[in-house]
Each structure stands twice: as structure tokens, then as C-alpha cells.
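To start, the structure under review is shown below, and the notes come after it.
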Amino acid sequence: MPNIILTEDDLKKMEPELRGQLLDFLSQAFVKKNWPKIPSDTIQDNLLEFQRPNIISIEGACSIFFGLNKNSREFIKILVKDIYRTSDKKGYDKEDMSSLLNLSEASLNGIVGSINRRFIYRFDRDAYDVYGNRDEIYPIKSSIEKNLLKLINYTATPGESKYWLSHHKDTYCNFEIAIKLFELNPDFEIYDYKVIIPNKKSKDNIEFFVNNASISSFDERKAHVDFYMDHEGLDLNTENAKLGFRDNMVKYWALNNAGIKTHMCTNHVCNSIQVIKNEIQYKKIGPAIFDYNKMKLNSKTETKVYKNIKFNIEDVKIEKYLKKTS
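Residue numbering for the sequence shown follows the numbering used here, beginning at 28 and increasing consecutively.
This is the structure in C-alpha cells:
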């Protein structure tokens with residue numbers, strides 16, 4: 028079988044998604060060969076477990092969405108818009124999705140795979156075991172654990188089979204803003220982009236600039252999950268973290284059910300919007316600095332709550348400002 032040599036020019040000529048998948052494949056191949064085995068009875072083993080974030084920040088959503096091909100972007104758009112459906116039926120089955128995308132059902136798995144790969148490859152593999160290279164005596168087995176690695180899931184239940192976006196209600200606003208920004212064909216080298224969510228009942232609008240440095244950081248696979256809470260009794264960075272993974276999973280779900288959300292963050296400030304009843308919570312997340320010696324994430328989250336305000340993507344404005352030159 029002949030050897031194939033690709034030059035830098037060959038890579039530049041490739042479609043962005045194909046180039047990204049090739050680099051991901053090569054990266055994964057090299058990482059798997061050199062990944063250190065981690066004893067399953069250590070704190071580090073618990074800290075390296077990847078927990079899918081409840082909230083994907085706007086910059087994180089941009090990093091995921093911008094790099095996908097057209098079919099994958101349309102797939103996400105459909106699932107994001109699912110929040111507005113009045114029917115009790117949430118998610119879409121293969122027949123529905125195939126019809127909406129005008130594609131064969133056989134092609135859907137490839138689309139979902141490309142989305143999920145782009146999602147998981149945003150995260151720092153030196154901090155999280157995203158490839159499942161853990162100690163062989165403690166392998167990932169359950170479907171719940173496998174689904175932690177996915178942004179798009181498919182439930183294959185008779186009569187209820189459907190695709191669905193993980194933590195849909197927590198993160199759909201951020202994808203809506205990322206989609207709206209993408210449609211402007213943004214050029215971050217020349218412009219800064221300001222998001223304005225108007226409050227029709229007061230002058231207290233929600234305003235912030237999308238942080239391109241965060242998008243670039245996500246693209247460089249420096250994403251983290253703000254999971255190690257500093258709430259009393261819930262700190263996973265203490266000696267009490269010497270738990271088995273099953274116990275850690277129980278704690279994860281307990282945090283989630285208690286309304287304590289985890290965030291997709293990076294080493295620059297990210298922005299996030301959540302709609303909770305008639306309130307909008309604006310979060311400024313990070314910067315998240317990861318201590319590789321202690322395997323600990325230091326991150327701050329600031330939250331401001333806007334009451335009696337509704338989120339409507341049609342009302343959201345995105346203004347561009349020419350970057351200041353020194």
C-alpha cells in the first residue's frame with residue numbers, strides 16, 4: 028500500500044471541516060499512544076472524568092457552530108428551534124429530521140457524529156479523559172456515561188425515538204445568538220461584535236461584547252467544565268472527592284437537580300444567557316485557569332438577573348464596531 032504525503036498547502040486547500048476531522052484523527056491517534064494510564068483509585072481519576080456541561084457559553088456555541096458544514100448547522104438549528112414547539116413531543120425522529128433536511132435517513136448518523144466530535148474536541152484532553160483511555164479495569168460501560176461525551180443524543184425507544192440537544196433549555200439561547208452572529212459573516216480581525224438584548228419594560232438592556240479570544244481558545248481545545256463547585260459540602264476538590272466514579276456521578280446529578288449548573292468555559296471570559304420563567308440570567312464565566320499540578324480548575328462566575336424580560340431572538344441586536352488600532 029503506497030504512503031500518502033500531505034503538505035501544508037494540501038491542508039490549506041481542504042474544506043475546513045475535512046481538515047479539522049483529519050487533524051482530530053491524527054491528534055487522537057498520537058494521544059492514544061502516549062496517554063498515561065491512571066490508577067482508578069486516585070483523586071486525579073475522578074477529576075479527569077468528563078462531565079458534559081449544562082450550559083454552553085455563547086463563545087463555546089460559536090466555536091462549535093462556526094466550524095460545521097451546512098447540513099450539520101441546519102441540524103443544530105432545527106433542534107435549537109425545538110424549544111418553540113407547542114407540541115408535547117420534543118425532539119425529532121429520523122423520518123422528521125430526514126424530511127426537514129431533505130437528506131436520507133442513512134446520512135443522519137454521520138451528521139450527528141461530526142457535531143459530537145467537534146463538541147468533544149473543544150475540551151482540554153490533558154484535563155479530561157475524552158478518549159476513554161482510562162485504566163482498563165475501570166472502563167466506561169453505561170449508556171449514561173457514553174452520553175456525557177455527546178452534544179446531540181438519539182433515544183432509540185419504541186414509539187419515542189428522537190434526536191435531542193443535551194441540556195436544551197439551559198443552552199438554546201446561546202446557540203440562537205451564535206447562529207445570528209454567524210449569519211452576519213463576522214470578521215473578528217476587523218470588528219468587535221456587541222450583543223444587545225432589549226428590555227421593553229425598562230432601559231436596563233443586556234449588553235456585552237462577544238469575546239473572540241474565547242472563541243479562539245475553544246478552537247485551540249482549551250475548554251473546561253466549571254464543575255468543581257466551592258459550595259459548602261459540594262467541593263469535589265477536597266479529600267472527600269476520593270469517591271468511585273459511580274458515587275461521583277450521583278453527586279453530579281444531585282448538583283444538577285439542585286439547580287447548580289456547570290458551564291463550558293475557557294481561559295478567557297465567556298458570556299452566557301439563560302431564560303428561567305420571566306427572568307433572564309446573564310452570566311460572565313471565567314477566565315478558567317487550570318492547575319495541571321493539582322488537577323484543579325479555578326474559575327469565577329458572575330451572574331446578573333434581569334426580571335420581567337423575555338428572550339426573543341428577533342429582538343436581539345448585534346452591532347459591529349471597528350477595532351481600535353494603536
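In this text, a Cβ means the ideal position worked out from N, Cα and C, and glycines have one as well.
None of the values given here were measured: they were computed from a predicted structure.
Check your understanding: Given 8 Å as the limit, is there contact between the region 316 to 325 and the region 295 to 308, that is, 3 or more CB pairs closer than that?
Key -> no
Point to revise | beta strand (DSSP E) segment containing Met291, residue limits | key: Counting from one through the sequence shown, the residue named residue 291 turns up at place 264. From DSSP, the beta strand (DSSP E) with Met291 extends over 290 to 292.
Check your understanding: When you compare only the Cα positions, how much space is there between Gln301 and Gln308?
Key -> In the sequence shown, residue 301 corresponds to position 274, counting from 1. In the sequence shown, residue 308 corresponds to position 281, counting from 1. About 5 Å.
Review point. If Ile217 sits next to Lys351, beta carbons under 8 Å apart, how far is it from one beta carbon to the other, in whole angstroms?
Key: Taking the first residue of the sequence shown as 1, we reach residue 217 at position 190. Taking the first residue of the sequence shown as 1, we reach residue 351 at position 324. That belief does not hold up - the Cβ atoms of Ile217 and Lys351 are roughly 11 Å apart, past 8 Å.
**Study point:** DSSP bridge partner residues for Lys97 (one or two, in chain order)
**Key:** The residue labelled residue 97 in the question sits at position 70 within the sequence shown. Bridge partners of Lys97: none, in fact.
Point to revise | Sequence ranges, alpha helix (DSSP H) only - wholly within the region 188 to 253, length at least 4 | key: 195 to 209, 239 to 246
Practice item. Going by DSSP, name the residue or residues bridged to Val365. Key: The structure shown does not extend to residue 365, since the chain is modelled only from 28 to 353, so the question has no answer here.
**Study point:** 8 Å contact criterion, which Tyr190 and Tyr199 should meet: CB distance rounded
**Key:** Within the sequence shown, numbered from 1, the residue matching residue 190 stands at position 163. Within the sequence shown, numbered from 1, the residue matching residue 199 stands at position 172. About 14 Å; that fails the 8 Å criterion.
Check your understanding: Can you tell which of Asp151, Ser188, Val139, Ile206 has its C-alpha closest to the C-alpha of Lys177?
Key -> For the purposes of this step, residue 177 is taken as the residue at position 150 of the sequence shown. Lys177 has its Cα closest to that of Val139, out of Asp151, Ser188, Val139, Ile206.
Practice item. Identify every residue that forms a DSSP beta bridge with Thr182. Key: Within the sequence shown, numbered from 1, the residue matching residue 182 stands at position 155. Partner(s): Lys189.
Review point. Taking the Cβ atom as the reference point for each residue, do Ile179 and Leu95 lie within a distance shorter than 9 Å?
Key: Working through the sequence shown from its first residue, we reach residue 179 at position 152. Working through the sequence shown from its first residue, we reach residue 95 at position 68. For Ile179 and Leu95, no; Cβs fall outside 9 Å.
**Study point:** For Val332, the first and last residue of its enclosing beta strand (DSSP E)
**Key:** Taking the sequence shown and counting its residues from 1, the one referred to as residue 332 is at position 305. First-last of the beta strand (DSSP E) with Val332: 328 to 334.
**Study point:** Nearest-angstrom beta carbon gap, Val237 and Val343 [assumed within contact, 8 Å]
**Key:** The residue you call residue 343 lines up with position 316 of the sequence shown. The residue you call residue 237 lines up with position 210 of the sequence shown. Incorrect: roughly 12 Å between the Cβ atoms, too far for contact.
Review point. Since Leu135 is in the alpha helix (DSSP H), which residue starts that stretch and which ends it?
Key: For the purposes of this step, residue 135 is taken as residue 108 along the sequence shown, with counting starting at 1. Segment 135 to 147, the alpha helix (DSSP H) holding Leu135.
Check your understanding: beta strand (DSSP E) containing Glu346: first to last residue?
Key -> In the sequence shown, counting from the first residue as 1, residue 346 sits at position 319. Where Glu346 is concerned, the enclosing beta strand (DSSP E) stretches over 344 to 349.
Point to revise | Reference Leu208, options Ile242, Ser131, Ile82, closest by Cα | key: In the sequence shown, the residue the question calls residue 208 occupies position 181. Measuring from the Cα of Leu208, the nearest candidate turns out to be Ile242.
Point to revise | Enclosing alpha helix (DSSP H) for Lys121 [first to last residue] | key: As a first step, residue 121 is located in the sequence shown; it is residue number 94 there, counting from the start. 121 to 128 is the extent of the alpha helix (DSSP H) around Lys121.
Check your understanding: Got a sec, what are the start and stop residues for the beta strand (DSSP E) Leu176 sits in?
Key -> Here the question's residue 176 lines up with position 149 in the sequence shown. Per DSSP, Leu176 belongs to no beta strand (DSSP E) and is neither H nor E.
**Study point:** Short Cβ contact (9 Å threshold) for Arg149 with Gly87
**Key:** As a working mapping, residue 149 is identified with position 122 in the sequence shown. As a working mapping, residue 87 is identified with position 60 in the sequence shown. Contact: yes.
Review point. In its own chain, which residues sit with a C-beta less than 7 Å from the C-beta of Ala205, not counting the 5 before and 5 after it?
Key: The sequence position of residue 205 within the sequence shown is 178, counting from 1. Result list for Ala205: Ile85, Ala88, Cys89, Phe92, in chain order.
Exercise for review: Could you please give me the residues that DSSP links to Leu324 through a beta bridge?
Suggested key: Mapped onto the sequence shown, residue 324 falls at position 297. Note: Leu324 sits in a beta bridge opposite Phe317.
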